[in-house]
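*Asks:* Residue numbers (numbering that gives the first Met the number 0): 0 to 234.
No residue lacks a Cβ here, since even glycine has one placed at the ideal position from N, Cα and C.
The following block contains the structure, expressed as structure tokens.
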Amino acid sequence: MRIDKFLSECGLASRKEAAKAAKAGGVTVNGAPVKDLSGHIDPERDRVAFLGRSVEYRKFVYILLNKPEGYVSATEDKAHPFVTELLPEEYRRMGLFPVGRLDKDTVGLMILTNDGPSAHRLLSPRHHVEKEYRFTCKVPLAPDAERIYAEGITLADGYECKSARLLADADRMGGRITLTEGKYHQIKRMLGAIDNRILTLERIRFGGISLDKSLERGAWRLLTAEEERALLYGE
Ligand code: URA
């Protein structure tokens, strides 16, 4: 791998910044300064240091974000704030993107990564990854809502939803709902199909990863090694 690509993939510097640092002797490979970053290294074997700090090669990064209201699930948007804006520059440079979408007004757990193949697998309907949401609604949930959702409700456009699990609050003005798919506005449309309306929606779980209550809205952290295993291998 080219040295400048390696440094930018590790999130340390853009190629331009890396070239500037290298000219000033700030990049070493196996202890020797290198001025020309078009040279190649083996990221698994060679020891690279940038501005005196050794660089650990991490091809893929997994981030847990508590998405705030008002942000779109995108890596760029001209009209609205977008979720990757909430990450520091060093991570944005690594090409992180959200694993699946939440609506602009939906809050809560969002995973961001630059691991395209895993994101694709996690979102594939064949994998049935559970997504759990906490919601409140406009009028009390119909008494048979649990059964209707469990049997698979048909939406206004004719789409037949997979079986979903509803756990209603005692007053039936909200609850938790678990899906194994993720169609456009799915929960809002599912509530619409039983003559109700979502007032607030928060994702609280994605597969084996739960929303970290200590993360404020808009805050993020890297997944722990244990969470990474739960996400990728369902352990
Ligand atoms: N269902 C919705 O309607 N909106 C979301 O953001 C997620 C699930």
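Helix or strand or just coil, what does DSSP make of F205?
*Replies:* strand
*Asks:* If you compare alpha carbons, which of H39, D35, G69 and G24 is closest to G254?
*Replies:* There is no way to answer for residue 254, as the model of the chain reaches only from 0 to 234.
*Asks:* Applying the criterion that 16 or more other CB atoms from any shown protein chain within 10 Å of the CB defines a buried residue, is K264 buried or exposed?
*Replies:* The requested residue 264 is not part of the displayed model; the chain covers only 0 to 234.
*Asks:* Which runs of the beta strand (DSSP E), 3 residues or longer, sit entirely within the stretch 88 to 173?
*Replies:* 106 to 112, 130 to 136 and 164 to 167
*Asks:* What residue range is occupied by the uninterrupted alpha helix (DSSP H) comprising Y232?
*Replies:* A224 to Y232
*Asks:* Considering only heavy atoms of the ligand URA, does any lie closer than 8 angstroms to the CB of G181?
*Replies:* yes
*Asks:* So, helix, strand or coil for L190, using DSSP?
*Replies:* helix
*Asks:* Looking at N65: is its Cβ nearer than 9 angstroms to the Cβ of R188?
*Replies:* It is not a contact, given that the beta carbons lie outside the stated cut-off.
*Asks:* If you follow the alpha helix (DSSP H) that L6 is part of, which residue opens it and which one closes it?
*Replies:* Element bounds for L6: I2 to E8.
*Asks:* What residue range does the alpha helix (DSSP H) around R196 cover?
*Replies:* First-last for R196: undefined, no H or E at that position.
*Asks:* Rounded to whole angstroms, what is the Cα-Cα separation between F5 and T135?
*Replies:* 46 angstroms
*Asks:* Alpha carbon to alpha carbon, how far is G10 from L210?
*Replies:* 25 angstroms
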